[in-house]
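Chemist: Mind looking over this structure? Questions follow.
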Amino acid sequence: MPEPMVQVHEVTKVYERGRQKIEVLHGLTLDIPKGDFVALMGPSGSGKTTLLNLIGGLDQPTSGEIAVGGKRIDQLGSGQLASWRARNVGFVFQFYNLMPVLSAEANIELPLLLTRLSAAERRRNVAVALEVVGLADRAKHKPRELSGGQEQRVAIARALVSDPQLLVCDEPTGDLDRKTADEILGLLQVLNREHGKTIVIVTHDPKAAEFARRTLHLEKGQLLEQAA
Amino acid sequence: MTRSGFVIANLFRKRVRTILTLLSVIMAFLLFGLLQSVNTVFSSGADFVGATRLFVQARVSFTTPLPVSMVPKLEAIPGVARVAYQQWFGGVWQTNTPLIMFALDPQRYHDVYPEWKMPEAQWQAFEHTRTGLIVGRQLAKQYGWKIGQKIPISSNIWPQKNGSKAWQFDLVGIFDGKDEDWQKRTNLAFIQQDYFDEANQFGIKGRTNFFILKLADGANAEAVSKTVDAMFENSPDETKTQTEKDFNISFVKQIGDIGLIVRWILFAVFFTLLLVVGNTMAQSVRERIPELAVLKTLGFSDGSVLGFVLAEAFALVLAGGLVGLALASLAGAMVEKATGGQFLLKLDVSVWLLGVAAIVLMSLAVGLLPALRARRLRIVDALAGR
Numbered sequence: 001m002p003e004p005m006v007q008v009h010e011v012t013k014v015y016e017r018g019r020q021k022i023e024v025l026h027g028l029t030l031d032i033p034k035g036d037f038v039a040l041m042g043p044s045g046s047g048k049t050t051l052l053n054l055i056g057g058l059d060q061p062t063s064g065e066i067a068v069g070g071k072r073i074d075q076l077g078s079g080q081l082a083s084w085r086a087r088n089v090g091f092v093f094q095f096y097n098l099m100p101v102l103s104a105e106a107n108i109e110l111p112l113l114l115t116r117l118s119a120a121e122r123r124r125n126v127a128v129a130l131e132v133v134g135l136a137d138r139a140k141h142k143p144r145e146l147s148g149g150q151e152q153r154v155a156i157a158r159a160l161v162s163d164p165q166l167l168v169c170d171e172p173t174g175d176l177d178r179k180t181a182d183e184i185l186g187l188l189q190v191l192n193r194e195h196g197k198t199i200v201i202v203t204h205d206p207k208a209a210e211f212a213r214r215t216l217h218l219e220k221g222q223l224l225e226q227a228a
Numbered sequence: 001m002t003r004s005g006f007v008i009a010n011l012f013r014k015r016v017r018t019i020l021t022l023l024s025v026i027m028a029f030l031l032f033g034l035l036q037s038v039n040t041v042f043s044s045g046a047d048f049v050g051a052t053r054l055f056v057q058a059r060v061s062f063t064t065p066l067p068v069s070m071v072p073k074l075e076a077i078p079g080v081a082r083v084a085y086q087q088w089f090g091g092v093w094q095t096n097t098p099l100i101m102f103a104l105d106p107q108r109y110h111d112v113y114p115e116w117k118m119p120e121a122q123w124q125a126f127e128h129t130r131t132g133l134i135v136g137r138q139l140a141k142q143y144g145w146k147i148g149q150k151i152p153i154s155s156n157i158w159p160q161k162n163g164s165k166a167w168q169f170d171l172v173g174i175f176d177g178k179d180e181d182w183q184k185r186t187n188l189a190f191i192q193q194d195y196f197d198e199a200n201q202f203g204i205k206g207r208t209n210f211f212i213l214k215l216a217d218g219a220n221a222e223a224v225s226k227t228v229d230a231m232f233e234n235s236p237d238e239t240k241t242q243t244e245k246d247f248n249i250s251f252v253k254q255i256g257d258i259g260l261i262v263r264w265i266l267f268a269v270f271f272t273l274l275l276v277v278g279n280t281m282a283q284s285v286r287e288r289i290p291e292l293a294v295l296k297t298l299g300f301s302d303g304s305v306l307g308f309v310l311a312e313a314f315a316l317v318l319a320g321g322l323v324g325l326a327l328a329s330l331a332g333a334m335v336e337k338a339t340g341g342q343f344l345l346k347l348d349v350s351v352w353l354l355g356v357a358a359i360v361l362m363s364l365a366v367g368l369l370p371a372l373r374a375r376r377l378r379i380v381d382a383l384a385g386r
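Quick mapping for you: the protein sequence lines, in order, are chains A and B. Residue numbering for the first sequence is 1 to 228, as defined by our numbering. Residue numbering for the second sequence is 1 to 386, as defined by our numbering.
Written as structure tokens, this is what we have:
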């Protein structure tokens, strides 16, 4: 039995919008083993992104337990959670979310400012991350000088640079054409298979889900089935 | 890259906006530096160091005349070498050009002010011509006056006995300054006290606005000043004795409470600056809510994000403030040079310290609200554009 990376147990998430309470997740339970590559699919409003946010420590559940790498993160305060995220999770977003004022290499270096690495060590790690995503020749370029696919590669390099075991990706190919999307998904596959990263992606695209080892379907805040 | 590099990069994301804001900060601190040094000059205490002349005026105001009969008493005070006196004439050239013009005793004035250079024959002519007038080189040049001309000058205070405010003088001399500093002050005109005494309608005969005491070598200016004021204490003509520099300052103070005026101007300047820079900072944070959320996602704490925004505000105000204060120092030095050292607009340590305090306060005032907003951001809401 592989060691679990993510354990979600009886998690409920309720959002308050004004006077209205919206229960997005209803007692959801889920285990993701280390080294897995999981695609979360489901219609809009099914709770995919909410679940991803909870797994990535961006939000806290209303009730239930979440452990990542054996660490209960539902019990951490905001500051502890921030520092946990810096060490343990890499994030990739649909719209890349790079800092437009920084070059590709500076964007990738950003998470390393939270570590005790020297400037030389940071530069070395950034160079490795750029090599991994195949953008070594674009290090000095600003995001606006890059294509969408290249921007997403920089975002993946930024997610990788502090060597987290878990990557969470919210619609990482939602803004890309098919060919570029396949390249990005291929890159994630390499990171999963060759570098042992556990990856959770949210996607609407069945073709994207095919790159994952398994697909989980959510509907109305509940897990429907597990497909191989 | 460093955190400070990141702050600077963010600051210049909208280059034109940042430069314009920076310029407004520079202007505000330039004004701050200059006005604060004016305030320092006007609020500084008496400084007798290096004084070679003292001015004696009525304690109430220098517009209250003192009797010329005080001269022998003043000259008898140890440390006083010679006494001159001056009466404001209120001269007006042609219709409405005011002149800095005094009635005085020529010989005494010549003795007390060796800095004015004029041929001895012209000093003699001034002393012996009842309607004599001498003017500084700048004034003569400005109006094309030549020695021997009759110069009609009105007084906005003193009519003649016949009721006319139009006086007529004979230009008998043109003086210059001994060096560059004094040459810059040759915009003055002097007439005979005797003629003024006889001819003015109000009959303030034998009285003058103030005395100028030329101190003997090595005399203690402060001690002489105290002696003079003590001598006339509880008399009908109580005096106030001060240095030439302090007298000049008190002359300007007649305009009003300089400190209050300066404070109000600075309040208006900084209030405007607060709006300009505050708006820039607020707009800058509003524009990059998702970026700030990404910083938090990457693991930067709420405090770090607050720090980034405050650091941007601080960097902007610090850069503008220091450049503004440096320019004020430069402008102050230029004013000092142009006025021949009469108006010392030096940015001393106290002005710089106040400036630095203003920089810190202004940074907090403009940066704190946007920084708190950034600190409070909830990642999931900000990323979702809520």
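Even glycine gets a Cβ: it sits at the ideal position worked out from N, Cα and C.
Given Gln149 of chain B, which residues of its chain have a CB within under 6 angstroms of its CB, disregarding the five upstream and five downstream residues?
Modeler: Closer than 6 angstroms at Cβ, skipping near neighbours: Leu171.
Chemist: Return the residue from the list B:Asn39, B:Glu291 and B:Leu383 that minimises the CA-CA distance to Phe6 of chain B.
Modeler: Ranking B:Asn39, B:Glu291 and B:Leu383 by Cα distance to Phe6 of chain B puts B:Glu291 first.
Chemist: Is it a yes or a no for the segment 298-314 of chain B touching the segment 70-89 of chain B, going by three-plus beta-carbon pairs under 8 angstroms?
Modeler: The segment 298-314 of chain B, when compared against the segment 70-89 of chain B, does not touch it at the 8 angstroms Cβ threshold.
Chemist: Tell me which residues of the segment 306-325 of chain B have at least one Cβ-Cβ distance to chain A shorter than 8 angstroms, keeping chain order.
Modeler: Per Cβ criterion, the list is empty.
Chemist: How far does the beta strand (DSSP E) with Val11 of chain A in it reach, from first residue to last?
Modeler: Pro4 to Arg17 is the extent of the beta strand (DSSP E) around Val11 of chain A.
Chemist: Which ranges would you report for the beta strand (DSSP E) in the segment 14-49 of chain B if only whole runs of at least 3 residues count?
Modeler: If we require 3 residues or more, the segment 14-49 of chain B turns out to have no beta strand (DSSP E) run fully inside it.
Chemist: Expressed to the nearest angstrom, what Euclidean distance is found between the alpha-carbon atoms of Gly56 of chain A and Val8 of chain A?
Modeler: If you take the alpha carbons of Gly56 of chain A and Val8 of chain A, they lie about 12 angstroms apart.
Chemist: Rounded to a whole number of angstroms, what is the C-alpha to C-alpha distance between Gln138 of chain B and Leu11 of chain B?
Modeler: Approximately 51 angstroms between the Cα atoms of the pair.
Chemist: Comparing the C-beta of Glu109 of chain A with each C-beta of chain B, is any distance below 8 angstroms?
Modeler: Interface residue, yes.
Chemist: Can you name the residues of chain A whose CB is closer than 8 angstroms to the CB of Pro370 of chain B?
Modeler: Those do not exist, as Pro370 of chain B stays about 17 angstroms from chain A at its closest Cβ, beyond 8 angstroms.
Chemist: Strictly by DSSP, which residues pair up with Lys240 of chain B?
Modeler: Partner(s): B:Gln57.
Chemist: Assign Glu171 of chain A to one of three DSSP states: helix, strand, or coil.
Modeler: In this structure, Glu171 of chain A counts as coil in the three-state DSSP scheme.
Chemist: Counting only beta-carbon atoms, is Arg153 of chain A nearer than 8 angstroms to chain B?
Modeler: False, the Cβ-Cβ gap to chain B never drops below 8 angstroms.
Chemist: In terms of residues, what are the limits of the beta strand (DSSP E) holding Arg178 of chain A?
Modeler: No beta strand (DSSP E) holds Arg178 of chain A; the alpha helix (DSSP H) holding it covers Arg178 to His195.
Chemist: Taking the C-alpha atoms as reference points, what is the distance between Arg207 of chain B and Ala326 of chain B?
Modeler: For Arg207 of chain B and Ala326 of chain B, the distance between alpha carbons rounds to 47 angstroms.
Chemist: Does the CB of Leu102 of chain A have a neighbour CB from chain B at under 8 angstroms?
Modeler: Closer than 8 angstroms to some Cβ of chain B, the Cβ of Leu102 of chain A qualifies, so yes.
Chemist: Are the beta-carbon atoms of Glu183 of chain A and Gly149 of chain A separated by less than 8 angstroms?
Modeler: The answer is yes: Cβ separation under 8 angstroms.
Chemist: Does the separation of the CB atoms of Ser162 of chain A and Pro206 of chain A fall below 8 angstroms?
Modeler: No, they are not a contact pair.
Chemist: With a CB to CB cut of under 6 angstroms and the five nearest residues on each side skipped, what residues in its chain are close to Glu65 of chain A?
Modeler: Excluding sequence neighbours, Glu65 of chain A sits near His9 and Asp74.
Chemist: Between the Cα of Phe55 of chain B and the Cα atoms of B:Glu180, B:Leu213, B:Gly132 and B:Tyr113, which residue gives the shortest distance?
Modeler: Cα-wise, what sits closest to Phe55 of chain B is B:Leu213.
Chemist: Between the beta-carbon of Val83 of chain B and the beta-carbon of Phe190 of chain B, is there less than 8 angstroms?
Modeler: Going by C-beta atoms, Val83 of chain B is not nearer than 8 angstroms to Phe190 of chain B.
Chemist: Can you tell me which of A:Leu167, A:Pro61, A:Ala127 and A:Leu223 puts its alpha carbon nearest to the alpha carbon of Lys34 of chain A?
Modeler: Here the closest residue by C-alpha is A:Leu167.
Chemist: Is the segment 27-40 of chain B close to the segment 155-163 of chain B, with three or more CB pairs under 8 angstroms?
Modeler: As far as the Cβ criterion goes, the segment 27-40 of chain B does not touch the segment 155-163 of chain B, which means the pair count is below three.
Chemist: Using a Cβ-Cβ cutoff of 7 angstroms, what residues of the segment 84-95 of chain A are near chain B? List them in chain order.
Modeler: Under the 7 angstroms Cβ criterion, the segment 84-95 of chain A contributes Arg85, Ala86 and Phe91.
Chemist: Is it buried or exposed, Ser155 of chain B, if we count other Cβ atoms within 10 angstroms and call 16 or more buried?
Modeler: By the 10 Å Cβ count, Ser155 of chain B comes out buried.
Chemist: Residues of chain B with CB under 9 angstroms from Asp59 of chain A, in chain order?
Modeler: Correct list: Arg378, Ile379 and Val380.
Chemist: Return no unless some Cβ of chain A is closer than 8 angstroms to the Cβ of Gly299 of chain B.
Modeler: Taking Cβ atoms only, chain A reaches closer than 8 angstroms to Gly299 of chain B, which makes this a yes.
Chemist: Is Leu318 of chain B closer than 8 angstroms to Val305 of chain B when the C-beta atoms are compared?
Modeler: No; because the gap between Cβ atoms is not below 8 angstroms, this pair is not in contact.
Chemist: Between the segment 358-370 of chain B and the segment 265-282 of chain B, do at least 3 Cβ pairs fall closer than 8 angstroms?
Modeler: The segment 358-370 of chain B, when compared against the segment 265-282 of chain B, does touch it at the 8 angstroms Cβ threshold.
Chemist: Shortest alpha-carbon distance to Ala199 of chain B belongs to which of B:Thr131, B:Thr241 and B:Leu347?
Modeler: The candidate whose alpha carbon is nearest that of Ala199 of chain B is B:Thr131.
Chemist: Just tell me which of A:Met5, A:His204 and A:Lys21 has its CA closest to the CA of Gly70 of chain A.
Modeler: Of the candidates A:Met5, A:His204 and A:Lys21, the one whose C-alpha sits nearest the C-alpha of Gly70 of chain A is A:Met5.
Chemist: To the nearest angstrom, how far is the alpha carbon of Gly144 of chain B from that of Val68 of chain B?
Modeler: The straight-line gap from Cα to Cα measures roughly 34 angstroms.
Chemist: In whole angstroms, give me the CA-to-CA distance for Leu176 of chain A and Ser329 of chain B.
Modeler: Distance between the alpha carbons of Leu176 of chain A and Ser329 of chain B: 57 angstroms.
Chemist: I think Asn209 of chain B touches Pro98 of chain B, with their Cβ atoms under 8 angstroms apart; what is that distance to the nearest whole Å?
Modeler: Wrong, their Cβ atoms sit about 16 angstroms apart, outside the cutoff.
Chemist: Sorted by chain position, which residues of the same chain lie with C-beta nearer than 6 angstroms to Ala233 of chain A's C-beta, five sequence neighbours on each side aside?
Modeler: Given a span of 1 to 228 for chain A in the structure shown, any question on residue 233 of chain A remains unanswerable.
Chemist: Could you tell me which of A:Ser83, A:Ala157 and A:Glu121 sits nearest to Ala104 of chain A, measuring between CA atoms?
Modeler: Of the candidates A:Ser83, A:Ala157 and A:Glu121, the one whose C-alpha sits nearest the C-alpha of Ala104 of chain A is A:Ala157.
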